[in-house]
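Contents: one structure, followed by commentary.
Number of protein chains: 2
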Amino acid sequence: MTTDDEIMEATFAALCKHGYADLTMQSIADEFEKSKSLLHYHYDSKEDLIVSFMEHLLENFLEEFDEDSDAEPMDQLLRMTEIVVEGDDSEGPDDVHMALLGLRAQAPYDEALRAQQVRNDRHIRELIADIVRDGIEQGQFRDDVDPERFAAAFRSAIEGAQSHDVILGADAPTETALAGIEEHLLRGLLADGETLEGRTA
Amino acid sequence: MTTDDEIMEATFAALCKHGYADLTMQSIADEFEKSKSLLHYHYDSKEDLIVSFMEHLLENFLEEFDEDSDAEPMDQLLRMTEIVVEGDDSEGPDDVHMALLGLRAQAPYDEALRAQQVRNDRHIRELIADIVRDGIEQGQFRDDVDPERFAAAFRSAIEGAQSHDVILGADAPTETALAGIEEHLLRGLLADGETLEGRTA
DNA sequence: CATTGTTGACTGACTATCCAGTCAGGGGGC
DNA sequence: GCCCCCTGACTGGATAGTCAGTCAACAATG
């Protein structure tokens with residue numbers, strides 16, 4: 131593993147432990163074996179490091195999701211719902227999302243962060259819209275659905291649910307929200323004769 | 131206006147200007163005419179002040195929304211969508227939401243903040259579920275809708291859209307998200323014969 | 001009425017601590 | 001020898017919180 135990878139991991143660990151507001155270069159350094167000075171050697175500033183970390187997170191999500199790009203459209207949407215709202219079981223459940231939430235909240239005050247977030251948003255909405263277009267072409271989804279409009283609403287819903295899951299912790303109504311998204315957003319997508327039976331988010 | 135009110139206003143102003151991560155007692159003090167020491171005189175600690183501020187925000191939202199509790203159910207949902215996603219025109223558009231986002235992101239690391247957020251969430255989901263129940267009773271909404279499940283999905287969607295609006299700023303697809311929520315979430319609520327025509331979010 | 005406490009709101013100066021970033025230099029591979 | 005990673009000690013500035021004391025309002029007392 132390269133030093134840069136180690137720094138990304140340490141940043142992730144520190145962010146989960148302290149949150150963005152209390153994230154310091156020292157707390158990042160404490161999470162790996164080398165020194166704080168080395169962070170400044172590899173990155174010009176704290177902001178520089180954070181922006182790199184955000185790119186790193188986006189790449190990770192895309193790798194994670196691209197695994198099954200040949201699945202059926204509805205299954206892909208269900209899988210995305212699952213990954214976004216609950217997280218992948220391969221890592222700590224809410225950790226990535228806690229880190230992400232802190233970075234997002236900082237975006238309005240930091241142009242570099244905001245720009246990265248905008249790229250992220252565009253990428254994911256296009257991903258959703260493409261899946262919807264596939265579903266329409268294959269006749270599984272209604273053909274009067276506007277893919278972009280659906281993508282915007284769907285992404286708001288799953289990221290909203292993700293935020294609640296992280297913010298409210300044990301008191302989050304995550305299962306209810308998932309069921310609601312499935313029933314009220316995804317089901318309306320289906321063409322006549324198609325059904326959600328046998329699939330689960 | 132009492133001193134406490136002034137402090138709440140100053141906290142709000144400082145939070146909008148600097149974001150939670152860079153919020154200091156000094157930056158709050160700079161936003162009003164009295165001294166930083168006075169903040170410590172009225173509140174034991176920074177955390178204490180912030181929690182009070184969160185209660186203050188919730189009260190404000192409820193007052194704002196309770197204005198037209200006798201409107202028709204669908205109009206109430208549309209109005210809530212509008213207020214949550216775009217903000218009320220009476221104040222700066224994104225300011226409250228920027229402040230809110232920062233506080234939310236901090237909740238996982240601060241039990242007092244999290245507890246306040248949980249109360250907030252319960253209150254608002256019950257508000258939505260009650261509106262849905264009204265709509266069902268009045269025959270405007272389908273009677274096979276589960277109010278709690280809808281409330282969870284709806285709240286995720288509008289708060290997700292709110293977050294995007296704040297995070298992405300000018301690049302946010304807010305209009306598209308609003309249209310998507312209206313079309314894919316709210317329309318599915320309507321009983322046969324009812325229509326969204328003539329209403330707008 | 002005038003003097004004398006008393007209390008609550010408020011302040012400026014202070015401190016101990018912590019922060020991001022710097023810098024001179026160590027050490028190992030090529 | 002020279003470049004590339006890397007380090008520990010350092011600095012100047014900022015931070016939350018403290019503290020002694022000011023000031024105006026008010027009540028009680030003579």
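Same order as they appear, the protein sequences are chains A and B.
Residue numbering for the first sequence follows the working numbering, starting at 131 and increasing by one per position.
Residue numbering for the second sequence follows the working numbering, starting at 131 and increasing by one per position.
Every residue, glycine too, gets a C-beta built ideally from N, C-alpha and C.
Fair warning: this is a prediction, and the values are worked out from it, not measured in the lab.
With a threshold of 8 Å between beta carbons, is residue i in contact with chain B?
{"i": "A/Leu145", "result": "no"}
{"i": "A/Arg209", "result": "no"}
{"i": "A/Asp301", "result": "yes"}
{"i": "A/Ser286", "result": "yes"}
{"i": "A/Gln206", "result": "no"}
{"i": "A/Asp273", "result": "no"}
{"i": "A/Ala229", "result": "no"}
{"i": "A/Ile261", "result": "no"}
{"i": "A/Val214", "result": "no"}
{"i": "A/Arg187", "result": "First, the amino acid is wrong: residue 187 of chain A is Leu here, not Arg. Judged by the 8 Å Cβ criterion, A/Leu187 is not in contact with chain B."}
{"i": "A/Ala242", "result": "no"}
{"i": "A/Ile311", "result": "yes"}
{"i": "A/Leu257", "result": "no"}
{"i": "A/Val226", "result": "no"}
{"i": "A/Leu326", "result": "no"}
{"i": "A/Gly232", "result": "yes"}
{"i": "A/Thr306", "result": "yes"}
Leaving out the 5 sequence neighbours to the left and right, which residues in its chain are closer than 6 Å to residue i when beta-carbon positions are compared?
{"i": "A/Pro223", "result": "Residue placement at A/Pro223 cannot be trusted, given a pLDDT of 44 that sits under 50; what the coordinates show is reported in the next sentence. Only Gly217 meet the Cβ criterion."}
{"i": "A/Gln206", "result": "Ile261"}
{"i": "A/Gln156", "result": "Lys166"}
{"i": "A/Ala140", "result": "Ile158, Glu161 and Phe162"}
{"i": "B/Leu188", "result": "Asn250"}
{"i": "B/Leu298", "result": "none"}
{"i": "B/Gly265", "result": "Pro203 and Phe271"}
{"i": "B/Ala307", "result": "Ala291"}
{"i": "B/Arg255", "result": "Ala281 and Arg285"}
{"i": "B/His294", "result": "Ala302"}
Just to confirm my understanding: we take residue i, look at its own chain, exclude 5 residues before and 5 after, and list those with CB closer than 7 Å. What are they?
{"i": "B/Ala229", "result": "Phe142, Leu145 and Cys146"}
{"i": "B/Val296", "result": "Asp224, His227, Met228 and Leu231"}
{"i": "B/Asp134", "result": "His172"}
{"i": "A/Ala356", "result": "What is shown of chain A runs 131 to 331, which leaves residue 356 of chain A out entirely."}
{"i": "B/Arg234", "result": "Gln247"}
{"i": "B/Ala237", "result": "Leu243, Arg244 and Gln247"}
{"i": "B/Ala184", "result": "Note that residue 184 of chain B is Met in the sequence shown, not Ala. Counting only Cβ-Cβ distances below 7 Å, and skipping sequence neighbours, we find Leu233, Leu243 and Gln246."}
{"i": "A/Phe191", "result": "none"}
Beta-carbon of residue i versus every beta-carbon of chain A: anything under 8 Å?
{"i": "B/Pro203", "result": "no"}
{"i": "B/Val296", "result": "yes"}
{"i": "B/Leu320", "result": "no"}
{"i": "B/Arg329", "result": "no"}
{"i": "B/His253", "result": "no"}
{"i": "B/Gly149", "result": "yes"}
{"i": "B/Pro238", "result": "yes"}
{"i": "B/Phe280", "result": "yes"}
{"i": "B/Asp152", "result": "yes"}
{"i": "B/Gly290", "result": "yes"}
{"i": "B/Pro223", "result": "Bear in mind that a pLDDT of 43 at B/Pro223, under 50, signals an unreliable position, so the number given afterwards is only what the model happens to contain. So no, B/Pro223 is outside the interface."}
{"i": "B/Gln247", "result": "yes"}
{"i": "B/Ser293", "result": "yes"}
{"i": "B/Ala235", "result": "yes"}
{"i": "B/Leu315", "result": "yes"}
{"i": "B/Ala283", "result": "yes"}
According to DSSP, residue i sits in a beta bridge with which residue or residues?
{"i": "B/Phe271", "result": "B/Leu320"}
Taking 8 Å as the limit between beta carbons, can you name the residues of its chain near residue i, skipping five residues before and five after?
{"i": "A/Phe169", "result": "Sequence check: residue 169 of chain A is Leu here, not Phe. Excluding sequence neighbours, A/Leu169 sits near Ile137, Met155, Ile158, Ala159 and Leu179."}
{"i": "A/Lys164", "result": "Thr133 and Glu136"}
{"i": "B/Leu326", "result": "Met204, Glu312, Leu316, Arg317 and Leu320"}
{"i": "A/His148", "result": "Thr154 and Ser157"}
{"i": "A/Phe195", "result": "Arg209, Met210, Ile213 and Leu257"}
{"i": "A/Ser199", "result": "Gln206"}
Query - Residues within the segment 165-184 of chain A neighbouring chain B, beta-carbon criterion of under 8 Å - result: none
Query raised in the report: Between the segment 274-284 of chain A and the segment 301-309 of chain B, do at least 3 Cβ pairs fall closer than 8 Å?
Result: yes
**Report entry** Contact the segment 269-277 of chain A vs the segment 286-294 of chain A: 3+ CB pairs below 8 Å
**Finding:** no
Query raised in the report: With contact counted as at least three CB pairs below 8 Å, one residue from each stretch, are the segment 244-253 of chain A and the segment 307-321 of chain A in contact?
Result: no
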